[in-house]
Amino acid sequence: LEKTAVKIAREMQVPYIGSFHLQPEHISYNMKLGWFSWFNMMLFSWFKSSHYRYIHHIHCPSKFIVEELEKYNYGGKKYAISNGFDPMFKFEHPQKTLFDTTPFKIAMVGRYSNEKNQSVLIKAVALSRYKQDIVLLLKGKGPDEKKIKLLAQKLGVKTEFGFVNSNELLEILKTCTLYVHTANVE
47 LEKTAVKIAR
57 EMQVPYIGSF
67 HLQPEHISYN
77 MKLGWFSWFN
87 MMLFSWFKSS
97 HYRYIHHIHC
107 PSKFIVEELE
117 KYNYGGKKYA
127 ISNGFDPMFK
137 FEHPQKTLFD
147 TTPFKIAMVG
157 RYSNEKNQSV
167 LIKAVALSRY
177 KQDIVLLLKG
187 KGPDEKKIKL
197 LAQKLGVKTE
207 FGFVNSNELL
217 EILKTCTLYV
227 HTANVE
């Protein structure tokens, strides 16, 4: 869509900007090629030559992405504009009771996919001597849902799955002791 918009804007001679929200690793991890750096470098190069060479102002979701684009010699001015942290997700917990609560609830929110790597969290809990006191709350949906559910079941890790809306998520997170994000790519 962005490529088409840039093409039309150029034809109409109107100003435009672009954004860089799709890292090559988002593609390579889903193709099971995440660790092949040459493939990611090739994608960075292809993105640049086929599209970003026309964009003189690039919105980036983080300073890290700005640095990545600079590393691969992308032109134009880059702006790191974070999605930020929403204050509605800041909770006050009485510190002395936070870790005394059973079960110990660990939350992770994200698409059930290879690059989000929920399996590493399931395996870590399975190795814990406190496994019986831990409940994972893996909220999301995606292509690896069945695989992740089977892993949790096989390893005997108590896990709650499912997609929830923002209000439900807020209520769930208020009950959690810890939030973990295991993604290989963000």
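The sequence shown begins at 47 in the working numbering and counts up by one.
Heads up, the beta-carbon is just placed ideally off N, CA and C, and yes, glycines get one too.
These numbers come from a predicted model, not from an experiment.
Look up TYR225 in the DSSP assignment and give the residues it is bridged to.
Paired residue(s): ALA153.
Quick one, are the C-beta atoms of ASN163 and ASN76 less than 9 Å apart?
For ASN163 and ASN76, no; Cβs fall outside 9 Å.
Using the Cβ count rule (16 or more neighbours within 10 Å means buried), how would you classify GLN178?
With fewer than 16 other Cβ atoms within 10 Å, it is exposed.
Under 9 Å between the Cβ atoms of ILE127 and ILE168?
No, the Cβ-Cβ distance between ILE127 and ILE168 is not below 9 Å.
Taking a contact to mean a Cβ-Cβ separation below 9 Å, would you say LEU219 touches ALA153 in this structure?
Yes, they are a contact pair.
Measuring alpha carbon to alpha carbon, tell me which of TYR62, PHE110, SER74, ASN160 ends up nearest ILE101.
Ranking the options by Cα distance to ILE101, first place goes to TYR62.
Compute the Euclidean distance between the alpha carbons of PHE150 and HIS72, then round it to the nearest angstrom.
Using only the alpha carbons, I get a separation of about 31 Å.
Check the DSSP bridge columns for GLY302 and list the partner residues they point to.
For residue 302 there is no data in the structure shown, the boundaries of the chain being 47 and 232.
From LYS104 to LEU68, what does the alpha carbon distance come to, in whole angstroms?
In the sequence as displayed, the identity of residue 104 is Ile instead of Lys. If I take the Cα positions, the gap works out to 13 Å.
LYS185 to GLU57, Cα distance in whole Å?
Straight-line Cα distance between these residues: approximately 43 Å.
Given this structure, state the Cα-to-Cα distance separating MET88 from ALA51, to the nearest angstrom.
C-alpha separation (whole angstroms): 24 Å.
So does LEU216 have its beta carbon nearer than 8 Å to some heavy atom of the ligand MN?
In the structure shown, the ligand MN is absent, as is every other ligand, since no ligand is present at all.
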